[in-house]
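Enquirer:
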Amino acid sequence: MRDRSASTAVLLINLGGPDSLDAVEPFLYNLFSDSDIMGYNRFILKPLAKFISRKRSPQVKEFYKLIGGRSPILELTNQQGEALRKQLSMSKTGRYEVFVAMRYWRPLIEDVVKKMLTLPLKKIIVLPLYPHYSVTTTGSTLNEFNRIWRRIGNSSIEVSVVKEWYENPLYIDAMCERIHKAMDLNKLDFESCHIVFSAHGIPLRFIEKGDPYAKHIEQTVSLISERLGPNGNYHLCYQSRVGPLKWLGPYTEEMLKELGSKGVKKVLLVPISFVSDHLETLYEMDILYKEAALRHGITHYYRAPALNDSPLLIEALKDIVLKG
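Under my numbering, the first residue of the sequence shown is numbered 56, with each subsequent residue one higher.
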């Protein structure tokens, strides 16, 4: 039972993912209905989103079948939320409750906000689980929260939002720990194994309009590389592009092809913009890009674990909350 005297609520928000194969099409509809990403007015956007989601869902269902028929992102985010709650319970700065919401699937932000408002809160800290700011992720998430809060919020409750945390030292520590763990487990060394950081891509038009996402990713990679040491072979690329638009590059498969053409045999792929496993890690990285690596002559392909339940990630989130 929740503590009725809680005074600060922490709202963790992630992308979300279908919890069954039947949920794939409505999940895609919610995603493609987002005007912050798509840029159309609602009269055009809804029928367009319906068309795109219906067209893409059969193929996307096949991808989900390969990783167990659903996304694990809610389960993993709930685990992160519970671990954060335990850490915050030891804080002497006040009482905290931790809530989890998803942008495009259940539990939706509005439903969670309504639940939060049943508590006697003084403050809400909105913490999107995207370390790097982009209009397409954090921006969209905060816009949705603000729309909901204007409609049903309580003006007596202070609201604090976290826009980015890509430079947080504990987050950098968590990433380095995951890389070292993968290197040790697979008996790799930094001189012979190339470290390929793969981030979720976004259409280039957002970058051209001033979106800082690429700069944030580059800064994180720089900080991690400095921490790991100067002897490594480090590369940055972007994945998950869809549609005919030009996306932020270089693309991950093209990077693997280039490395293979240069005779590289060992690669460790590192998910840089993801704090938990989902389709982009379990299907794209573990299946699609592994096949591509082997096809291009990379005989030893490995993937660093996503942060998921990393204690250092939880420490980073706690640090961000206490500073918020």
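Note that beta-carbon positions come from the ideal geometry of N, C-alpha and C, so glycine has one too.
Would you call the CB atoms of valine 155 and leucine 182 closer than 7 Å?
Expert: Taking the first residue of the sequence shown as 1, we reach residue 155 at position 100. Taking the first residue of the sequence shown as 1, we reach residue 182 at position 127. Not in contact: valine 155 and leucine 182 (Cβ atoms no closer than 7 Å).
Enquirer: Of all the CB atoms in chain D, is at least one closer than 7 Å to the CB of proline 81?
Expert: Given the protein chain composition of this structure (a single chain), no chain D is represented.
Enquirer: Let me confirm a value: arginine 97 is counted as buried when at least 16 other C-beta atoms fall within 10 Å, else exposed. Which label applies?
Expert: Locating residue 97 in the sequence shown gives position 42, counting from the first residue. Exposed: under 16 other Cβ atoms inside 10 Å.
Enquirer: Have a look at Ser328, Ser112, Gly318 and Glu281 and flag the residue whose alpha-carbon is nearest the alpha-carbon of glycine 352.
Expert: The residue given as residue 352 occupies position 297 in the sequence shown. With distances taken between Cα atoms, glycine 352 lies closest to Gly318.
Enquirer: Rounded to whole angstroms, what is the Cα-Cα separation between valine 376 and glycine 72?
Expert: What you label residue 376 is simply residue 321 of the sequence shown in a count that begins at 1. What you label residue 72 is simply residue 17 of the sequence shown in a count that begins at 1. Cα to Cα, valine 376 sits roughly 25 Å from glycine 72.
Enquirer: Could you round the C-beta distance between leucine 291 and phenylalanine 252 to whole angstroms and report it? I think they count as a contact, below 8 Å.
Expert: Along the sequence shown, one-based indexing puts residue 291 at 236. Along the sequence shown, one-based indexing puts residue 252 at 197. Contact flag correct, Cβ pair sits at about 5 Å.
Enquirer: How is the alpha helix (DSSP H) around methionine 93 delimited, first residue to last?
Expert: Taking the sequence shown and counting its residues from 1, the one referred to as residue 93 is at position 38. It spans 90–93 - the alpha helix (DSSP H) in which methionine 93 sits, taken as one unbroken run.
Enquirer: Mind pulling the beta strand (DSSP E) runs of 3 or more residues that sit fully within the stretch 247–321?
Expert: Listed in chain order, they are 248–255 and 288–294.
Enquirer: Just list the beta strand (DSSP E) runs in the stretch 98–167, keeping only unbroken ones of 3 residues or longer that don't cross its boundaries, in chain order.
Expert: The qualifying runs are 151–157.
Enquirer: Since valine 65 sits in a beta bridge, which residues does DSSP pair it with?
Expert: By one-based count along the sequence shown, residue 65 stands at place 10. In DSSP, valine 65 forms a bridge with Val153 and Ile180.
Enquirer: Say whether the stretch 171–190 touches the stretch 261–269, bearing in mind that this needs 3 or more beta-carbon pairs closer than 8 Å, one atom from each stretch.
Expert: Touching, yes.
Enquirer: Are the stretch 203–216 and the stretch 240–258 in contact at 8 Å, needing three or more beta carbon pairs?
Expert: No, they do not touch.
Enquirer: Classify alanine 64: buried if its beta carbon has 16 or more other beta carbons within 10 angstroms, exposed otherwise.
Expert: Here residue 64 refers to the residue found at position 9 of the sequence shown. Result: buried.
Enquirer: In whole angstroms, give me the CA-to-CA distance for isoleucine 150 and glutamate 165.
Expert: Counting from one through the sequence shown, the residue named residue 150 turns up at place 95. Counting from one through the sequence shown, the residue named residue 165 turns up at place 110. Isoleucine is not the amino acid found at residue 150; the sequence shown has arginine there. Distance between the alpha carbons of arginine 150 and glutamate 165 is about 23 Å.
Enquirer: Please say whether isoleucine 279 and isoleucine 203 have beta carbons closer to each other than 7 Å?
Expert: For the purposes of this step, residue 203 is taken as residue 148 along the sequence shown, with counting starting at 1. For the purposes of this step, residue 279 is taken as residue 224 along the sequence shown, with counting starting at 1. Not a contact, by the Cβ cut-off of 7 Å.
Enquirer: Straight-line CA distance for valine 153 to leucine 76?
Expert: For the purposes of this step, residue 153 is taken as the residue at position 98 of the sequence shown. For the purposes of this step, residue 76 is taken as the residue at position 21 of the sequence shown. About 29 Å.
Enquirer: In whole angstroms, what separates the C-alpha of serine 144 from that of glutamate 263?
Expert: Within the sequence shown, numbered from 1, the residue matching residue 144 stands at position 89. Within the sequence shown, numbered from 1, the residue matching residue 263 stands at position 208. Their Cα atoms are separated by approximately 43 Å.
Enquirer: Along the chain, where does the beta strand (DSSP E) that runs through valine 216 open and close?
Expert: For the purposes of this step, residue 216 is taken as residue 161 along the sequence shown, with counting starting at 1. Per DSSP, valine 216 belongs to the beta strand (DSSP E) from 213–216.
Enquirer: Using the rule of at least 16 other Cβ atoms within 10 Å of the residue's Cβ for burial, across every protein chain shown, is arginine 205 buried or exposed?
Expert: By 1-based counting over the sequence shown, the position of residue 205 is 150. When all chains shown are included, arginine 205 counts as exposed.
Enquirer: How far does the alpha helix (DSSP H) with tyrosine 357 in it extend, from its first residue to its last?
Expert: The residue labelled residue 357 in the question sits at position 302 within the sequence shown. It is not in any alpha helix (DSSP H) - tyrosine 357 instead sits in the beta strand (DSSP E) that spans 355–358.
Enquirer: What are the start and end residues of the alpha helix (DSSP H) that includes leucine 52?
Expert: Nothing about residue 52 can be reported from this structure: the residues present for the chain run from 56 to 379 only.
Enquirer: From Ser108, Phe82 and Ile234, pick the residue whose C-alpha is nearest to that of serine 365; which is it?
Expert: The residue labelled residue 365 in the question sits at position 310 within the sequence shown. Answer by Cα proximity: Ile234.
Enquirer: Under a three-way DSSP split, which group does proline 224 fall into?
Expert: The sequence position of residue 224 within the sequence shown is 169, counting from 1. Here proline 224 sits in helix by DSSP.
Enquirer: Strictly by DSSP, which residues pair up with valine 325?
Expert: Here residue 325 refers to the residue found at position 270 of the sequence shown. Paired residues: Phe252.
Enquirer: Just how far apart, CA to CA, sit cysteine 231 and leucine 283?
Expert: Residue 231 sits at position 176 when you count from the first residue of the sequence shown. Residue 283 sits at position 228 when you count from the first residue of the sequence shown. The straight-line gap from Cα to Cα measures roughly 7 Å.
Enquirer: If we ignore side chains and look at the alpha-carbon of each, how far apart do leucine 337 and valine 115 end up?
Expert: As a first step, residue 337 is located in the sequence shown; it is residue number 282 there, counting from the start. As a first step, residue 115 is located in the sequence shown; it is residue number 60 there, counting from the start. Spanning the two alpha carbons is a distance of roughly 13 Å.
Enquirer: Using a Cβ-Cβ cut-off of 8 Å (strictly less than) and excluding sequence neighbours within five positions of leucine 323, which residues of its own chain qualify?
Expert: As a first step, residue 323 is located in the sequence shown; it is residue number 268 there, counting from the start. Contacts found: Ile234, Ala237, Met238, Asn241, Leu243, Cys248, His249, Ile250, Val251, Tyr357, Arg358 and Ala359.
Enquirer: Excluding the five sequence neighbours on either side, which residues of its own chain have a C-beta within less than 8 Å of the C-beta of asparagine 286, listed in chain order?
Expert: In the sequence shown, the residue the question calls residue 286 occupies position 231. Here the set comprises Phe245 and Glu246.
Enquirer: Nearest to arginine 109 by CA position, among Ile92, Leu83, Leu362 and Ser90, is which residue?
Expert: Start at 1 with the first residue of the sequence shown, and residue 109 comes out as number 54. Taking only the C-alpha atoms, the option nearest arginine 109 is Leu83.
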